[in-house]
Structures are given as structure tokens and as C-alpha cells.
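Residue numbers (full-length UniProt numbering): 1 to 253.
(1) Pick out the complete alpha helix (DSSP H) segments inside the stretch 38-96, 4 residues or longer, and give them in chain order.
(2) Whose C-beta lies closer than 6 angstroms to the C-beta of residue 13 among residues of the same chain, with five residues either side of it excluded?
(3) Find the nearest neighbour of residue 103 within the set 40, 83, 118 and 119, judged by alpha-carbon distance.
(4) Within 10 Å of its beta-carbon, does residue 105 have 16 or more other beta-carbons around it, so buried, or fewer, so exposed?
(5) Could you spell out the range, first to last residue, of the beta strand (DSSP E) harbouring residue 187?
(6) Is the distance from the Cβ of residue 133 to the Cβ of residue 119 below 9 angstroms?
(7) Helix, strand or coil, according to DSSP, for residue 171 in the structure here?
(8) Residue 16 lies in the alpha helix (DSSP H); which residues open and close that run?
(9) Would you be able to state if there are at least three C-beta pairs under 8 angstroms between the stretch 20-29 and the stretch 67-85?
(10) If you drop the 5 nearest sequence neighbours on each side, which residues of the same chain put their C-beta closer than 8 angstroms to that of residue 140?
(11) I'd like the span of the alpha helix (DSSP H) that includes residue 122, first residue to last.
(12) Could you tell me whether the stretch 162-176 touches the stretch 33-45, using the rule of 3 or more Cβ pairs below 8 angstroms?
(13) With respect to the alpha helix (DSSP H) encompassing residue 133, which residues constitute its N-terminal and C-terminal limits?
(14) Output the distance between the C-alpha atoms of residue 117 and residue 79, rounded to the nearest integer angstrom.
(15) Taking the straight line between their C-alpha atoms, what separation do you get for residue 39 and residue 31?
(16) Please say whether residue 22 and residue 61 have beta carbons closer to each other than 9 angstroms?
(17) Rounded to the nearest angstrom, how far is the Cβ of residue 128 from that of residue 86, given a contact under 8 angstroms?
(18) Which residue marks the beginning of the alpha helix (DSSP H) containing residue 104, and which one marks its end?
(19) Tell me the DSSP secondary structure of residue 35 in three-state form.
(20) With DSSP collapsed to three states, give me the class of residue 159.
(21) Suppose you measure from the CA of residue 99 to the CA of residue 145; what does that come to, to the nearest Å?
(22) Rounded to the nearest angstrom, how far is the Cβ of residue 167 from that of residue 59, given a contact under 8 angstroms?
(23) Let me know the secondary structure DSSP gives residue 166 once reduced to three states.
(24) With a 10 Å radius around its C-beta and 16 neighbouring C-beta atoms as the bar for buried, classify residue 180 as buried or exposed.
Set out below in C-alpha cells:
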């Protein structure tokens, strides 16, 4: 009844305009998804509302671009330049030598080593303009931990976009039941109820009296077996006691 549309392995090269168009559809397409009951990480969508093949290809290309933007930066020199620009105007050059300045920059680079360049650049620009997402006193330079936290905060929308794209592409697509399908189900349910809830056609449902009689028969049968076992056990016990008593008499004689 439900299925996932095939994935697109060959991703097209999108123009900036096509990327913008695809990104503009993410919110609308994601809003059409419904969570599968009891499985919060799975979603479904009616076939008529699902993303088209062209939309899926475009979204796959956007997802690849977002993943590339979220990859950690391997360029230490780029990170160094961004951090140095932020530190300009704070304490940089105020009583510290070149070696101390290098140590300070290294602390920032170490704190930012697992973050993408886009996130670092965004955080640097917000620190320079005083428009940070997280609280920060402009009187003091941001610490390495504050810089890293601001960069991560700025990446949240980008990560959310990637999650939404994945949910759209992995959503189970289904055909909603038609009025004819509903009518068939209702007719089958009514026929079952009219038969008295029989599990099989042509099989009559037992009356309460018949059920009670069957239970009595089972109880009598079990009682007879119990009595048979009990009588046999008592007879064996009596025989053993008699044999033991006879043996004692012989020893006494």
C-alpha cells in the first residue's frame, strides 16, 4: 500500500536560480508529511502531494550541496584569517608578542577544527557586526568556546534543512482509499457483524449453553483422570506399606 519513490543517483547540476526554487519548496513539501503512528522518525505522504521526480532530483542536489557546506574545513589558513579579523580591535597586538599571538590563534583553531568554513565565517561576521545569536559582551573578545558555540548555533538552520530534505525523500508514499474502497470495507464489516462475528463463513457461533456444556465435559474428563491417578498412587503406597510391615515382622521373628 505504501512505498518509497526510487532514489536519484545521478544528480543534476543546478543553476543558482534552480537551487533557490528547490529550497523554496522544502518548507511546503515538508509541511505535507504526516508522521507514521508510533514511529516519530518515519513519515508518509499521499501520492498526489508527494514530491515529483524533478523535485526529488533538485532536492537531492541541494542536499549534496548542504552536506558539502557542513563538512569540516581542512584549510587552517582560512580559519586563521577569519579569527584574526575578529580579534582585530580587541586585545590583538596589545602587549602580546608574535609567539603569544600564535598560541592564541591556535586555541581558536583547535576549538573550531570540527566546524565547517561556512559556520565559522558566519560566526565571525556576527561577532564583527555585534549581531550574534548567543549572548555575548562586546566589551571583550569572544573566547574560543564562545566562538565555537556561536558557529554551531548558526549551523542549526542548515542542519534542519538537511533533515527536512531527507524526510521528504524518504517519506512513504501511499494511495489514499477511495470512496469505493471505503464502501467495500463497510460492506464486509456489516456482513461479518450480521453473521454474528463468525471467523469462517458457514460456521455457526456456539451458544452460551453449548460453551457451558463443553466446559463441564472437560472438567469431568480431567476429574476422572485425576481420580484414576490418585487411586493408583494410593494403591501403590498401600502395597509399599504392607511390604514394609511384613519385612519388619520377619526381622522381629
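Glycine included, every Cβ here is placed at the ideal spot set by N, Cα and C. This one's a predicted model, so the numbers in the text were calculated from it and none came from an experiment.
With the given structure in hand:
(1) Listed in chain order, they are 53-70 and 76-87.
(2) If you number the chain shown from 1, residue 13 lands on position 13. Excluding positions up to five away in sequence, the list is empty.
(3) Locating residue 103 in the chain shown gives position 103, counting from the first residue. Selected option, being the one with the closest Cα: 83.
(4) Taking the first residue of the chain shown as position 1, residue 105 is located at position 105. Result: buried.
(5) Your numbering for residue 187 matches position 187 in the chain shown. Element bounds for residue 187: not the beta strand (DSSP E) but the alpha helix (DSSP H), 179-194.
(6) For the purposes of this step, residue 133 is taken as residue 133 along the chain shown, with counting starting at 1. For the purposes of this step, residue 119 is taken as residue 119 along the chain shown, with counting starting at 1. Not in contact: residue 133 and residue 119 (Cβ atoms no closer than 9 angstroms).
(7) As a first step, residue 171 must be located in the chain shown, where it is residue number 171. In the three-state reduction of the DSSP assignment, residue 171 falls in the coil class, being assigned neither a helical nor a strand state.
(8) Position 16 of the chain shown, counting from 1, holds the residue named residue 16. For residue 16, the enclosing alpha helix (DSSP H) begins and ends at 16-31.
(9) When C-beta atoms of the stretch 67-85 are compared with those of the stretch 20-29, fewer than three pairs fall below 8 angstroms, so the two segments do not count as touching.
(10) For the purposes of this step, residue 140 is taken as residue 140 along the chain shown, with counting starting at 1. Around residue 140: 90.
(11) Your numbering for residue 122 matches position 122 in the chain shown. Here the alpha helix (DSSP H) through residue 122 covers 117-129.
(12) By the Cβ rule, the stretch 162-176 counts as touching the stretch 33-45, because three or more pairs are nearer than 8 angstroms.
(13) As a first step, residue 133 is located in the chain shown; it is residue number 133 there, counting from the start. Note, residue 133: premise wrong, no alpha helix (DSSP H); not H, not E.
(14) The count along the chain shown starts at 1 and reaches residue 117 at position 117. The count along the chain shown starts at 1 and reaches residue 79 at position 79. Cα-Cα distance, rounded: 7 angstroms.
(15) Taking the chain shown and counting its residues from 1, one reaches residue 39 at position 39. Taking the chain shown and counting its residues from 1, one reaches residue 31 at position 31. Between residue 39 and residue 31, the C-alpha separation is close to 17 angstroms.
(16) Here residue 61 corresponds to residue number 61 of the chain shown, with the count starting at 1. Here residue 22 corresponds to residue number 22 of the chain shown, with the count starting at 1. It is a contact, given that the beta carbons lie within the stated cut-off.
(17) As a first step, residue 128 must be located in the chain shown, where it is residue number 128. As a first step, residue 86 must be located in the chain shown, where it is residue number 86. Under the criterion of beta carbons closer than 8 angstroms, residue 128 and residue 86 qualify as touching, at roughly 6 angstroms.
(18) Here residue 104 is taken as the residue at index 104 of the chain shown, counted from 1. Its alpha helix (DSSP H) spans residues 98-111.
(19) One-based indexing of the chain shown puts residue 35 at position 35. In this structure, DSSP gives residue 35 an extended state, which the three-state scheme calls strand.
(20) One-based indexing of the chain shown puts residue 159 at position 159. DSSP places residue 159 in helix when its eight states are reduced to three.
(21) Working through the chain shown from its first residue, we reach residue 99 at position 99. Working through the chain shown from its first residue, we reach residue 145 at position 145. Approximately 21 angstroms between the Cα atoms of the pair.
(22) Here residue 167 refers to the residue found at position 167 when the chain shown is read from its first residue. Here residue 59 refers to the residue found at position 59 when the chain shown is read from its first residue. About 11 angstroms; that fails the 8 angstroms criterion.
(23) For the purposes of this step, residue 166 is identified with residue 166 of the chain shown, where counting begins at 1. The answer is helix: DSSP assigns residue 166 an H, G or I state.
(24) Taking the first residue of the chain shown as position 1, residue 180 is located at position 180. Around the beta carbon of residue 180, fewer than 16 other beta carbons sit within 10 angstroms, so the residue counts as exposed.
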